[in-house]
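> Numbering (mature numbering (1 follows the signal peptide of the UniProt record, and there is no 0)), first residue to last: -19 to -1, 1 to 536. C-beta atoms are modelled at their ideal positions from N, C-alpha and C, and glycine is treated no differently.
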Amino acid sequence: MKLLKYLSLSLVACGVALSSCDDFFDTKPYDQLSPSTFWQTEDDVYSAATACYDKWNEAKNGSTDILYADCLSDIGFNYSNTSSLKVTGNGAMTQAATVTYYNYETIRRCNTFLENAESVAFADEAEKKDLFAQVRTIRAYRYFHMNFWYGGVPLITDLPQTSSEAQVERASEETVKKFIYGELDAAISDLKDKPSQRGRIAKGTALAIKMRAALYWGDLDLAMSAARSIQNLNQYELDPNFQEMFSIKGQGSKEIIYAMQHVSNTYAFSNMIRMFNNQDGGWASMVPTQNLVDMYEMKSGLRPEEEGSGYDPVHPFANRDPRLALTILYPGMDWVGSDGKQRVINTLDKSIDGSLNADYMDAADNSSRTGMIWAKYTVPLSQYSASLGNENTCPILFRYAEVLLTIAEINVEKNENTTEVYDILDQLRARCGHVAVDRAKYNTQEKLRELVRRERCIEMAGEGLRRADLLRWKDQNGKMLAETLMNGTLYRMIGTVNVNEPDRDLRATISAPTAENESLRKIEDRVFRPYNRYLPFPQAELDKNPNLKQNEGYE
């Protein structure tokens, strides 16, 4: 029996039992399935556990948030004047306009399960323990997500019955963190090594959550222990086909630790339309920036700004790290569009053959403002439906490359095992055809730290980790990197595309930046203040809970 079958059915069968009070602060007297009518059989418990999986990574946008979240950083951009993603990315967020990461819907479902399912008898007690461990893992992840972004949240592990019971003060970030670690440790001991059904949480997923959480909070020994435990499961390895891993064809990749599950017509992923450009019927809602392009080395391994690199600002895509073209679709690349015909991507010329170019950066609201879209999950376009809204896409939440990068980062921070650091980076680079790390060049802790951070960004770009990294990484003066990289003006390239040039990376000719063309190059101004380390609690949540105190700077 498949998880998605359970999920689609359980959201109907358990919708009242688990969702009628999804919001802790909503105390309307809805009818609900009672223990006497629902919590009776193993199937009831399976269905209730599965209902906890709905949007478990993020309550509002669900799986799409994995693809959206880098818009909150220097390497992504979201175009919509009313978008919470845009205002959070450019620093204009307030308690009235912010991303909705503060949400107890899934936690309520998990608490309902944990309070009611214990009384149901199982033929196999280990199976019951596994289900409980799955739900505890989901609840721990939701608390990790909120605790990191808000810095302490109400810690609710039961089912408040009145509005006053639900008006809980914030627990400290440290208190919630300890709860998360404890829940994950308990779950890890009961989870199966491999999932019984595709899409269910197993030991590797819980370990990956612990690894990421511990890394984010600076608990390096815990993070390393979790990463090593994932390795010791001997289930995961780097996929030799980097680009295919992000396609429907690659969903069985051994690199994937956990991916959010979707299947067309049953529990579809509906937001691929946001990934594509205007001419192919897309909305270009979340796109990569020039900041990301600038991070890629040349094929030689030199940085573009280094002497002898051969970097040509007129043809900036030429002779670059092969991972650039596997991550970003940029002007001049070959592309098979929604009409099945091959064309050259052209987002730079306002008109083509006398007609408005639908993909020109300012041609429409649905045109990419940076002139680029992500290659991850979009290649090939032919794998998707015409609507781009009824898809089998399964966004990856955790993969083995993150485990290796975590090990590399911790080794650098502890200034040990540098040989392992080099070997890890070489593996990631080699699978895409890039040169090995120059050991003689990156021969100090400071230089290796800069390299590992850049490699993490390049490897995980478009997967939602960048803002968190910029918040936790500090410069030599102890400042968050976000204070530097998220302050300033976001620019794009302008120029023209020669579709007759045989070399794809020479087709785009980029104009030099000048005062005269600044207004055309400028996308937006961005601001990041130290208090932006934490997000503001939405005003609606403050209204529901007078004991919820707003984060500093947003009062």
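Under the DSSP definition of a beta bridge, which residues are partnered with Arg380?
By one-based count along the sequence shown, residue 380 stands at place 399. Ile237.
> Are residue 537 and Tyr122 closer than 8 angstroms when you measure CB to CB?
No answer is possible for residue 537: it lies beyond the span of the chain, which begins at -19 and ends at 536.
> Can you round the beta-carbon distance between Gly352 and Leu329 to whole angstroms, since I take them to be within the 8 angstroms contact cut?
Taking the sequence shown and counting its residues from 1, one reaches residue 352 at position 371. Taking the sequence shown and counting its residues from 1, one reaches residue 329 at position 348. Going by Cβ atoms, the distance from Gly352 to Leu329 rounds to 6 angstroms, so yes, they are a contact pair.
> If you count every other CB in all the chains shown that lies within 10 Å of the CB of Leu337, and 16 or more means buried, which is it?
Taking the sequence shown and counting its residues from 1, one reaches residue 337 at position 356. Leu337 should be labelled exposed.
> Thr138 and Asn92 look like a contact to me (Cβ under 8 angstroms); what is the Cβ gap, rounded to whole Å?
Sequence index remark: in the sequence shown, residue 138 carries index 157 (1-based). Sequence index remark: in the sequence shown, residue 92 carries index 111 (1-based). Right, the Cβ-Cβ distance comes to about 6 angstroms (below 8 angstroms), so this counts as a contact.
> Could you tell me whether the segment 426 to 437 touches the segment 392 to 400, using the rule of 3 or more Cβ pairs below 8 angstroms?
Yes, since at least three Cβ pairs between the segment 426 to 437 and the segment 392 to 400 fall closer than 8 angstroms, the two stretches touch.
> With DSSP as the reference, label Gln323 as helix, strand or coil.
By 1-based counting over the sequence shown, the position of residue 323 is 342. Strand at Gln323.
> When burial is assigned at 16 or more other CB atoms within 10 Å of the CB, is Ala40 buried or exposed?
Sequence index remark: in the sequence shown, residue 40 carries index 59 (1-based). Ala40 comes out buried.
> Helix, strand or coil for Ala356 per DSSP?
Residue mapping note: residue 356 aligns to position 375 of the sequence shown, counting from 1. In this structure, Ala356 counts as coil in the three-state DSSP scheme.
> Measure the alpha-carbon distance for Thr186 versus Arg473 and round it to whole angstroms.
To locate residue 186, count along the sequence shown from 1; it is residue 205. To locate residue 473, count along the sequence shown from 1; it is residue 492. The alpha-carbon atoms of Thr186 and Arg473 are separated by roughly 38 angstroms.
> So what does Asn59 bridge to, in DSSP terms?
Along the sequence shown, read from residue 1 onward, the residue named residue 59 stands at position 78. DSSP, once it has assigned bridges, lists Met267 as partnering Asn59.
> Just to confirm, is the Cβ distance from Ala249 to Asn371 under 8 angstroms?
Locating residue 249 in the sequence shown gives position 268, counting from the first residue. Locating residue 371 in the sequence shown gives position 390, counting from the first residue. Contact: yes.
> Taking only three categories from DSSP, how would you classify Ser348?
Residue mapping note: residue 348 aligns to position 367 of the sequence shown, counting from 1. Correct three-state label for Ser348: coil.
> Report back the beta-carbon spacing between Asn300 and Lys331 to the nearest angstrom; my notes put them in contact at under 8 angstroms.
As a position in the sequence shown, residue 300 is number 319, starting the count at 1. As a position in the sequence shown, residue 331 is number 350, starting the count at 1. At roughly 28 angstroms, the Cβ-Cβ gap does not stay under 8 angstroms, so Asn300 and Lys331 are not in contact.
> Could you tell me the alpha carbon to alpha carbon distance between Ile405 and Arg453, rounded to whole angstroms?
Walking along the sequence shown from the start, residue 405 turns up at place 424. Walking along the sequence shown from the start, residue 453 turns up at place 472. Looking at the two C-alpha atoms, the distance is approximately 22 angstroms.
> Looking only at its own chain, which residues have a Cβ that is under 6 angstroms from the Cβ of Asp4, when we skip the five neighbours before and after it?
Reading the sequence shown from its first residue, position 23 is the one you call residue 4. In this prediction, Asp4 scores a pLDDT of 38, lower than 50, which makes its location untrustworthy; the coordinate-derived value is nonetheless stated afterwards. Excluding positions up to five away in sequence, the list is empty.
> Tell me whether Arg473 sits in a helix, a strand or coil according to DSSP, three-state version.
In the sequence shown, the residue the question calls residue 473 occupies position 492. Three-state DSSP puts Arg473 in coil, outside helix and strand.
> Taking the straight line between their C-alpha atoms, what separation do you get for Met315 and Lys322?
Residue mapping note: residue 315 aligns to position 334 of the sequence shown, counting from 1. Residue mapping note: residue 322 aligns to position 341 of the sequence shown, counting from 1. Note that residue 315 corresponds to Asp in the displayed sequence, not to Met. The alpha-carbon atoms of Asp315 and Lys322 are separated by roughly 10 angstroms.
> Given 8 angstroms as the limit, is there contact between the segment 355 to 367 and the segment 255 to 275, that is, 3 or more CB pairs closer than that?
As far as the Cβ criterion goes, the segment 355 to 367 touches the segment 255 to 275, which means the pair count is three or higher.
> Where Pro517 and Ser319 are concerned, what is the direct C-alpha to C-alpha distance, given to the nearest angstrom?
Here residue 517 corresponds to residue number 536 of the sequence shown, with the count starting at 1. Here residue 319 corresponds to residue number 338 of the sequence shown, with the count starting at 1. Each residue's alpha carbon lies about 40 angstroms from the other.
> Assign Ser234 to one of two classes, buried (16 or more other C-beta atoms within 10 Å of its C-beta) or exposed (fewer than that).
Taking the first residue of the sequence shown as position 1, residue 234 is located at position 253. With 16 or more Cβ atoms within 10 Å of its Cβ, Ser234 is classed as buried.
> Pick helix, strand or coil for Met314, following the three-state DSSP scheme.
Translated into the one-based positions of the sequence shown, residue 314 becomes position 333. Looking at Met314 - three-state DSSP - the assignment turns out to be coil, as it is neither helix nor strand.
> So within the segment 125 to 191, which uninterrupted alpha helix (DSSP H) runs reach at least 4 residues, ignoring any that extend past its ends?
Listed in chain order, the complete alpha helix (DSSP H) runs (minimum 4 residues) inside the segment 125 to 191 are 144 to 147 and 154 to 171.
> Specify the secondary structure class of Leu305 as computed by DSSP and reduced to three states.
Residue 305 sits at position 324 when you count from the first residue of the sequence shown. Note: Leu305 maps to helix in three-state DSSP.
> Taking the alpha-carbon positions, what's the Cys523 to His415 distance?
The residue you call residue 523 lines up with position 542 of the sequence shown. The residue you call residue 415 lines up with position 434 of the sequence shown. Residue 523 is actually Leu in this sequence, not Cys. Going from the Cα of Leu523 to the Cα of His415 covers about 50 angstroms.
> Between which two residues does the beta strand (DSSP E) carrying Ile504 extend?
Taking the sequence shown and counting its residues from 1, the one referred to as residue 504 is at position 523. Looking at the DSSP string, the run of the beta strand (DSSP E) that includes Ile504 is Lys503 to Arg507.
> Can you say whether Ser349 is buried or exposed, counting buried as having 16 or more other CB atoms within 10 angstroms of its CB?
Within the sequence shown, numbered from 1, the residue matching residue 349 stands at position 368. Its Cβ being crowded by 16 or more others within 10 Å, Ser349 is buried.
> Do three or more CB pairs link the segment 283 to 293 to the segment 67 to 81 at distances below 8 angstroms?
The segment 283 to 293 is not in contact with the segment 67 to 81.
> Name, in chain order, the residues that DSSP records as bridge partners for residue 561.
Residue coverage of the chain in this structure runs from -19 to 536, which leaves residue 561 outside it and unanswerable.
> Helix, strand or coil for Ser336, going by three-state DSSP, please let me know.
Here residue 336 corresponds to residue number 355 of the sequence shown, with the count starting at 1. Three-state result, Ser336: strand.
> Please list the terminal residues of the continuous beta strand (DSSP E) segment that includes Ile491.
As a first step, residue 491 must be located in the sequence shown, where it is residue number 510. Its beta strand (DSSP E) spans residues Ala489 to Ile491.
> Below 8 angstroms CB to CB, which residues in the same chain sit around residue 538 once its five sequence neighbours on both sides are set aside?
Coverage of the chain is limited to positions -19 through 536, which leaves residue 538 absent and any answer about it impossible.
> So, helix, strand or coil for Asp4, using DSSP?
In the sequence shown, the residue the question calls residue 4 occupies position 23. Because the pLDDT at Asp4 is just 38, under 50, the model does not fix this residue reliably, and the value given afterwards should be weighed accordingly. In this structure, Asp4 counts as coil in the three-state DSSP scheme.
> Give every residue of the same chain whose Cβ lies closer than 7 angstroms to the Cβ of Ile439, excluding the five residues on either side of it in the sequence, and list them in chain order.
Residue 439 sits at position 458 when you count from the first residue of the sequence shown. Excluding residues within five positions, the ones whose Cβ falls inside 7 angstroms are Met276, Tyr277 and Arg304.
> Among Cys33, Phe227 and Met192, which one has its Cα closest to the Cα of Ser210?
Walking along the sequence shown from the start, residue 210 turns up at place 229. Of the listed residues, the one whose Cα sits closest to Ser210 is Met192.
> What did DSSP end up calling Ala98 once you bin it into helix, strand or coil?
By 1-based counting over the sequence shown, the position of residue 98 is 117. Helix, per DSSP.
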